[in-house]
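Since the structure comes first, as structure tokens, the remarks are kept for the end.
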Amino acid sequence: MNVTDFEKFMREVHGHDPFPWQSAVVEQTVERGTWPALVDVPTGMGKTSMLDVAVFLLALSAGGEAPAGLGRRRIFLVVDRRIVVDQAEAHGRHIADALEEAVEGEVRFEVAQRLRGLAGDEDHALRVVKMRGGATWDAAWLPRPDLPAIITGTVDQVGSRLFFRGYGVSKGRRPIDAALVGTDSVVMIDEAHLAQAFTTSLASARQADRTCQLGLPEGSVIHLSATSAERPGKDPGAWEASFDEDAHLRNRTAAQRLTAHKRLTFIKSAEKKIVKDMAARVGELVGEPGSRVLAVCNTVARAREVYEALTTGRTKLGEVEVLLLMGRSRPLDREGIAERVTELFGAGREPGDHKAVLVATQTIEVGIDLDATDMVTETASWDALVQRFGRVNRRGDHDSASITVVEDRAKKPPVYGPAKVATAEFLRKIAQNGLDVSPLALRHLQEDVSRDLISPRPLLPLLLPAHLDAWARTNPAPVNDPPLDPYLHGINKAAARITIAWRDGLEIRSGGENAEGDPELLPPDHAGAVVESVPVRSEECIEVSLMAARAWLQQGQSETMADVDDYDAFDDIPFKADDGNANLQALRRGSDDQWRWITARELRPGDTIVVPCEYGGLDRFGWNPSSKEPVKDISELASLRRGQPILRLDSDPGNRLGLPPLEGLRELVADWRNAEEPEDRDACQGALVEAARQWLGSSGAPEYPWTPEDIECLRNAFEHSGALISTGVERRRRNRRRGLSAAGSRELIPVLRGAAPADDWRTVGTSGEHAGGNAASSVPWRAVSEEDQAGTSTLNRRVTLAEHLAAVGERAQQIATNLGLPEELRRVVVDAARWHDLGKVDMRFQAMLFDGSRIAAELAREPLAKSGMPPGERARRRRAQRLSGLPSGARHEAWSEAIVTAHLEGLVEPYPGDVELLRHLVASHHGHARPFLPPVDDRGDGALRAAIGEVAVEVPLPVELHLADADRFARLNHRYGRWGLALLETVVRSADMTISSEGS
46 MNVTDFEKFM REVHGHDPFP WQSAVVEQTV ERGTWPALVD VPTGMGKTSM LDVAVFLLAL
106 SAGGEAPAGL GRRRIFLVVD RRIVVDQAEA HGRHIADALE EAVEGEVRFE VAQRLRGLAG
166 DEDHALRVVK MRGGATWDAA WLPRPDLPAI ITGTVDQVGS RLFFRGYGVS KGRRPIDAAL
226 VGTDSVVMID EAHLAQAFTT SLASARQADR TCQLGLPEGS VIHLSATSAE RPGKDPGAWE
286 ASFDEDAHLR NRTAAQRLTA HKRLTFIKSA EKKIVKDMAA RVGELVGEPG SRVLAVCNTV
346 ARAREVYEAL TTGRTKLGEV EVLLLMGRSR PLDREGIAER VTELFGAGRE PGDHKAVLVA
406 TQTIEVGIDL DATDMVTETA SWDALVQRFG RVNRRGDHDS ASITVVEDRA KKPPVYGPAK
466 VATAEFLRKI AQNGLDVSPL ALRHLQEDVS RDLISPRPLL PLLLPAHLDA WARTNPAPVN
526 DPPLDPYLHG INKAAARITI AWRDGLEIRS GGENAEGDPE LLPPDHAGAV VESVPVRSEE
586 CIEVSLMAAR AWLQQGQSET MADVDDYDAF DDIPFKADDG NANLQALRRG SDDQWRWITA
646 RELRPGDTIV VPCEYGGLDR FGWNPSSKEP VKDISELASL RRGQPILRLD SDPGNRLGLP
706 PLEGLRELVA DWRNAEEPED RDACQGALVE AARQWLGSSG APEYPWTPED IECLRNAFEH
766 SGALISTGVE RRRRNRRRGL SAAGSRELIP VLRGAAPADD WRTVGTSGEH AGGNAASSVP
826 WRAVSEEDQA GTSTLNRRVT LAEHLAAVGE RAQQIATNLG LPEELRRVVV DAARWHDLGK
886 VDMRFQAMLF DGSRIAAELA REPLAKSGMP PGERARRRRA QRLSGLPSGA RHEAWSEAIV
946 TAHLEGLVEP YPGDVELLRH LVASHHGHAR PFLPPVDDRG DGALRAAIGE VAVEVPLPVE
1006 LHLADADRFA RLNHRYGRWG LALLETVVRS ADMTISSEGS
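Just so you know, we're using our numbering here: the sequence shown kicks off at 46 and counts up by one.
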């Protein structure tokens, strides 16, 4: 196989030849031995096919026809917008499916075989992962570092993980995510000029850190653009992919797209008239059958005004479907709207006479492949307009297409500022008689575009090695932790964010649910228990700026919110004092793990708050602070889509699911609450489960965003014997012991927790995974909980310590070999995997694994690694931990490291490897020890006794915390690189988690 086979590969995968520039970039990359710094091609020329290029080059590297390390296992496509590239994820999925369908003799068959060989995976050649929801994604998005994968995400999602501060990611998970993004990866940033702060930080990080000690490729960055004003000339080793216009004009498909008819008309308006003028122009353009008109606004408020003008009043459009699309919406709400938008406006859609209008914000500029027949847009900066023009007649299928740019002549234009004013003046001069804005014409016009027409660069902070050192300390993080946001978006564009979730059941009325009068908020401990019964998920949340959240809670209203992460102009909003009932309160969990109701003035950057659904603030399109309509609670759907079926059996679950009421629920819950004997409680629980199951099976179709498949999945989960009823009662009892209010414990809320299908890491990123739609068939891999000792040691069967350690050691050997780690490092990694859980020999820990019985633990033939308790039986696990006498917060990793240290000190011959690295890998295998393990008040006076091979080791208790571990951590980061050390940890931890998920 060689570079010329790329054309066959593209024909076999997509059914057509590549464009000339795509073939050229394959040849140039192999010839130079490095990736291009910039791929600057016109819109519609298939930048997304750089995914195909990356997959093909990975196969060439694996076979030796390209330089070793040129191809990268993890291929990232990054977009700086909330609506992540659904088409790119579908493109990647198409590649993966084509590889699975390949037959011997095809180029794609050879590519698939080579990709399978990289990880020894006989079932799947390539995994495709789309980061889901807000700023987070599934916890275990890729279970092993040797798996080839395509991943799509935003700057926040990828950037925060790269720099060890993954938004929405637990501290323990952060080093794994950093390693997966920062090593053996190629990061392609679509329209990189929109993410200059991130790209600059990436370049600084590469200069300050190297992982060459591991013998593995580092991360590479490619800027993808149709409007790039930045050239790669500053770096002497950087090069730009070529684009031969003549060759593309000889290509029929490319020529049709490059010369697609698009005629621009420039219209002057005024701030008070622009909504009316835009609506009128849309009405003129939408007359023909099959018209698909795109109206683009610079702010969320103006987009809503245009939408209202087109759907109500004198300018209402008849027999025309009007949609509103913006990024500030809950991911689960947005799925259906985005799907409908793709059906009506997606490139390559089926032709039809249906007429439609899409009103949108900047969210359509990048990462969504739309093909409108005409457009009406506000003036913006030149680079933003070029992106918008690319969403019209994208494939050149229409004989004519009009683009109307409307200028409101605002003195202080929001979002784009002086660049918008300069662009308006530029268009006024050159578009008096209309202007050709086909991709080829825009490429030639680019030479006349001055810098003042382009969005201003953000102020870029200087990234120092000290910042990287601080971020690498993930657990515990330093007190003076540097803020990450300025390094992703710039100093002047970094907007402090607040995450908001809506829940029902947080308000009550005096005298009962049907009583009249003003509602009252639940006591904070009770409200917290209601929230915790179904953990907050990113799929049910939206992100807004701190200023927007404050204005809303104080009953203010913003009119200038843009739909980009780095702009929110709220400086002119007068904030009210916290007086009277004019201010709404939000529920926030504090650093002491306690829930409190807070006011707007108490909000802090990065907070996640929960508000009652009755507050409003959201409609079906997204963030709408003026809306007073109750918001639907979709927490159970978010949990189901994460593979955790949960149903709160409070007064009105039917309202949340969009189903009729569950008849007789109040009486069944009352019987369950009043049952005192265990037998009676079990009978009442069975009655509740059966009632819920029957209700789900006979209630008809649910309301959006629930689907019939979701309801079926929920019902099936409750058919298993593992379904159980639980509450937040344990937490509230602890709160009462601390002297907190117990007012919320009057009525326990039963929560039905279903038995999800067994986790299987082997389905992650494959076509068998639940992908963006329904959870009826399978669920994402959740990995093994690392939040508490009992959670890391439960499976559905008992597993001996010897069996578990042997299996993890073998898996680590496989992963390290696949990655090509040097022999000395491979030995250290494998030994760490073989010894990582030795600390579980502590007799108190063994008693916990034997259901809290010290006697059973002492009589056992050999120690356990996994207890066999079902993971869902939390109360049983807590009881076992309490009976065992295990100190609160105890970490078996500390005991494992102490045993390994004693073993090494007792060796006659020195250990043939890096002793510091071995000890660190053992201590950090659950994400702690970066740099310290947590302190524990351990008053044990016994000893740890273990055997490593034929050598017996004994370590006295308690094991002390060593402050010198911080110095060791710093030395290891310097020795292997910050991301290199994280990768070595990832090998051990992924071996442990995948073996555990398989039941060993």
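Glycine included, every Cβ here is placed at the ideal spot set by N, Cα and C.
Predicted, not measured: the structure shown is a model, and the values here were computed from it.
Beta bridge counterpart(s) of residue i as assigned by DSSP
i       : result
Asn520  : Arg975
Val1000 : Leu989
Ile643  : Ala631
His268  : Leu83 and Ile234
Lys911  : Val844
C-beta contact flag for residue i and residue j at 8 Å
i      : j      : result
Ile643 : Ile587 : no
Val853 : Ile944 : no
Val996 : Gly951 : yes
Ser578 : Arg726 : no
Val84  : Leu269 : yes
Leu171 : Arg118 : no
Ala968 : Glu942 : yes
Trp80  : Val231 : yes
Separation of residue j from residue i, as counted between CA atoms
i      : j       : result
His937 : Val981  : 11 Å
Glu350 : Leu866  : 58 Å
Leu551 : Ala736  : 25 Å
Gly435 : Gly742  : 47 Å
Ala517 : Gly137  : 31 Å
Ile499 : Gln477  : 21 Å
Arg842 : Ser1041 : 11 Å
Trp751 : Thr468  : 44 Å
Val655 : Tyr749  : 22 Å
Glu712 : Asn700  : 18 Å
His571 : Asp637  : 16 Å
Phe895 : Val998  : 23 Å
Asn537 : Ala223  : 26 Å
Gln730 : Met893  : 27 Å
Per-residue DSSP class, three states only, for residue i
i       : result
Gly1025 : helix
Ile679  : coil
Ala417  : strand
Lys313  : strand
Trp66   : helix
Gln477  : strand
Ala574  : helix
Gly854  : helix
Asp876  : helix
Arg718  : helix
Val494  : coil
Val960  : helix
Phe390  : helix
Thr298  : helix
Ile319  : helix
Ser590  : strand
Among the options, the one whose alpha carbon lies nearest that of residue i
i       : options                              : result
Gly363  : His399, Ile860 and Ala991            : His399
Thr244  : Leu702, Asp291 and Ala82             : Ala82
Val1033 : Ala253, Leu144 and Ala877            : Ala877
Val152  : Arg118, Val58, Asp229 and Asp166     : Val58
Pro568  : Gly535, Gln639 and Ala107            : Gln639
Ala113  : Ala250, Gly60, Gly260 and Pro87      : Gly260
Met371  : Val437, Ala69, Val466 and Gln407     : Gln407
Asp229  : Trp1024, Glu1043, Glu1030 and Gly699 : Trp1024
Arg359  : Val320, Leu225, Ala283 and Asp1037   : Val320
Leu702  : Ala1036, Lys677, Glu721 and Pro723   : Lys677
Arg872  : Gly799, Ala857 and Pro63             : Ala857
Pro87   : Pro795, Val431, Leu685 and Ala511    : Val431
Residue i CB to nearest heavy atom of the ligand SAH below 7 Å
i     : result
Glu76 : You won't find the ligand SAH in this model; it holds no ligand whatsoever.
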